[in-house]
Amino acid sequence: MMILPEKEVISQISSAMKRFEKVSDDNLLHMHQTKSYHHAAIMHAYYILTSLIYLAKPALHPYYVSRWVQYCLEHNVASKYVSASYTCFAAILCQLTDANIRIGKRVGQLGLKLLNQSDSFMSELPLVHMLYYGYVGVLFEPIQSVIQMHYRAGEIGCQIGNLSLTALHKMFHYAREFWAGTNLLKMKTDLERDLKAEEYNQSFPFLGRKLNLHYQAVMILIWDNHSPDLNDRSDGSLWDNEASCLITQMSCLVFLGHFERVHYMGKRWEQKYEAHQSEQLVYFRRMYAYFYYVLAALAISRRKKKTKCSEIDRMISTVRNAANYSSWNFRNKALLLIAEKYSLTLENSHAEPTYADAISAARASKFPHEEGLACELAAMHYERLNKVQQAATLYHQAEDCYRSWGSQMKVQKMQDKVTNLKNSYLNK
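In numbering that gives the first Met the number 0, the protein residues as written are 0 to 427.
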């Protein structure tokens, strides 16, 4: 297969963006009126080609998607694949620079509107929603709403017999549930049901591997007596698959307090990200990787009394920028990282109100696991300052949050921390 220079790929993306910039939303929604067998055949060919290219040569995927969407715009094509071409191009834009993300949001939302106008609404919804909510909407809309849309699209995919897209929606659904702090006991029940579904596990072994990884993580966090070890292997050949596995494991290990391991996996993620920047990544996933990586880096820096401020500041800045797109999804994370850095540098007058803001933001976004984490880290900050009462209060708050999340393992750890805190205070 040919290898295109990067500048040629960028040129095609830029040309497609300029076409969108020249036309108003209203015109874009009403311009696709040209119907012909010739156009329909070419649109179908582009759909097949871009799907195969994504699997075989991901670095070329943006090039062909850009050509696809330009063909739609140039010929005013009326086809059931128009909304898919829009949302696929939007997904690519949302993995590039921040300047492109706003355009990606506009193009993606236009794709959803075109879908609603389409006669093929039901048959195309699973694909369009996978592209939009998997790569675009997840940056701007509350993650809980995105989870509901993945569930709905997966159900429709099952009804129309498109089990491959149903499987992809299940993958997105469970990954986002895990990151959103969905009750772990509910996730356990749902995962056990889907892991027993032979039609998925036999036809889509990659789905079984992904669901099994989430199941392992859920069982560990619940603290089931038969919890398996969290598997560190990635069986997926695609970088995108391995990235998802790494971040799920990083998330679980943060709550276990294994920061050295999280830091190692974060470095591994960074290396892979640098090596695959030309491929379609999930910007949303990158924010979670940075969140866990920086938490680990700060914890290690506190212990070793060494701080790499430039690296930490760069990642915090990236997460703060993501909060500009979705305060709901990212503001609490940015605030917690900032509070942790203030605590590390002994800027306590800034750290303490920032911890409080991080806790409030997580509560407002209905992230019980991250509210619990913010309470726990704030308690550890006060404990280092020998402020026993404040620390105990926050450990109790963390315990309540973790109980709501369904993590008996974390509930027990918070109870142990309070007991140890009281014992150390009495022994003074």
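Every residue, glycine too, gets a C-beta built ideally from N, C-alpha and C.
Values in this document were obtained by computation on a predicted structure and should not be read as measured data.
What residue does the alpha helix (DSSP H) around isoleucine 358 start on, and which one ends it?
-> 347 to 363
Hey, would you say glycine 133 sits closer than 9 Å to alanine 166, going by beta carbons?
-> Inclusion of glycine 133 and alanine 166 in the CB contact set at 9 Å is not warranted, their separation being larger than that value.
What is the DSSP secondary structure of valine 318, reduced to helix, strand or coil?
-> helix
Report the rounded CA-to-CA distance for phenylalanine 19 versus tyrosine 63, giving the unit in angstroms.
-> Computed Cα separation, rounded: 17 Å.
What does valine 76 pair with, by DSSP beta-bridge criteria?
-> Thr33
Phenylalanine 120: first and last residue of the uninterrupted alpha helix (DSSP H) it sits in | First-last of the alpha helix (DSSP H) with phenylalanine 120: 120 to 134.
Neighbourhood of arginine 175 by C-beta distance below 8 Å, restricted to the same chain and skipping five residues each side | Val137, Ile142, Val145, Ile146, His149
Apart from the five residues on each side of it in sequence, which residues of its chain come closer than 7 Å, Cβ to Cβ, to serine 202?
-> Leu162
For leucine 297 versus glutamate 339, is the C-beta spacing smaller than 9 Å?
-> yes
Check each candidate in His213, Lys6, Tyr214, Phe120 and name the one with the smallest Cα separation from tyrosine 80.
-> Phe120
DSSP state of cysteine 93, grouped into three classes?
-> Reduced to three states, the DSSP call for cysteine 93 is coil.
State the Cα-Cα distance for the pair alanine 321 and lysine 112, rounded to the nearest angstrom.
-> Per the coordinates, the alpha-carbon of alanine 321 lies some 25 Å from the alpha-carbon of lysine 112.
The alpha helix (DSSP H) with threonine 188 in it runs from where to where?
-> 183 to 194
Straight-line Cα distance separating glutamate 7 from leucine 184 = 49 Å
Where does the unbroken alpha helix (DSSP H) through serine 10 begin, and where does it stop?
-> 5 to 20
Please look up how many angstroms separate the CB atoms of tyrosine 341 and glutamine 94, rounded, as I've assumed it's under 8 Å.
-> Incorrect: roughly 31 Å between the Cβ atoms, too far for contact.
Between which two residues does the alpha helix (DSSP H) containing alanine 378 stretch?
-> Here the alpha helix (DSSP H) through alanine 378 covers 367 to 383.
Histidine 257: first and last residue of the uninterrupted alpha helix (DSSP H) it sits in | Here histidine 257 belongs to no alpha helix (DSSP H), and DSSP marks it neither H nor E.
Could you give the residue range of the alpha helix (DSSP H) that holds leucine 393?
-> 387 to 404 is the span of the alpha helix (DSSP H), which, as asked, contains leucine 393.
May I ask which residues mark the beginning and end of the alpha helix (DSSP H) holding alanine 58?
-> Element bounds for alanine 58: n/a, residue is neither H nor E.
Buried or exposed: which applies to proline 367, given that a residue is buried once 16 or more other Cβ atoms fall within 10 Å of its Cβ?
-> buried
Report all residues from its chain with a CB closer than 7 Å to the CB of tyrosine 46; omit the five preceding and five following residues, and keep chain order.
-> Cβ within range, chain order: Tyr80, Ala83.
By a C-beta neighbour count over all protein chains shown, 10 Å radius and 16 as the cutoff for buried, is proline 352 buried or exposed?
-> exposed
Can you list, in chain order, the residues of its chain whose CB lies under 7 Å from that of leucine 48, leaving out five sequence neighbours each side?
-> Tyr63
Can you tell me the Cα-Cα spacing of asparagine 419 and arginine 302, whole angstroms?
-> 20 Å
What is the C-beta distance between cysteine 244 and leucine 220, in whole angstroms, given that I count them as a contact (C-beta under 8 Å)?
-> With a Cβ gap of about 16 Å, cysteine 244 and leucine 220 do not count as contacting.
Along the chain, where does the alpha helix (DSSP H) that runs through glycine 160 open and close?
-> Counting along the chain, glycine 160 falls outside any alpha helix (DSSP H), and DSSP gives it neither H nor E.
Report all residues from its chain with a CB closer than 6 Å to the CB of tyrosine 324; omit the five preceding and five following residues, and keep chain order.
-> Leu138, Phe139
Buried versus exposed, by CB contacts within 10 Å (16 or more), leucine 345 = exposed
So what does DSSP say about tryptophan 238, is it helix, strand or coil?
-> Its pLDDT being 38, under 50, tryptophan 238 is placed unreliably by the model, and nothing is read from it.
To the nearest angstrom, report how far apart glutamine 411 and arginine 313 are at their CA atoms.
-> 35 Å
From which residue to which residue does the alpha helix (DSSP H) around serine 326 run?
-> Counting along the chain, the alpha helix (DSSP H) containing serine 326 begins and ends at 326 to 343.
Note down the Cα distance separating isoleucine 41 from leucine 343, rounded to an integer number of angstroms.
-> 58 Å
What three-state label does DSSP hand glycine 180 in the structure shown?
-> coil
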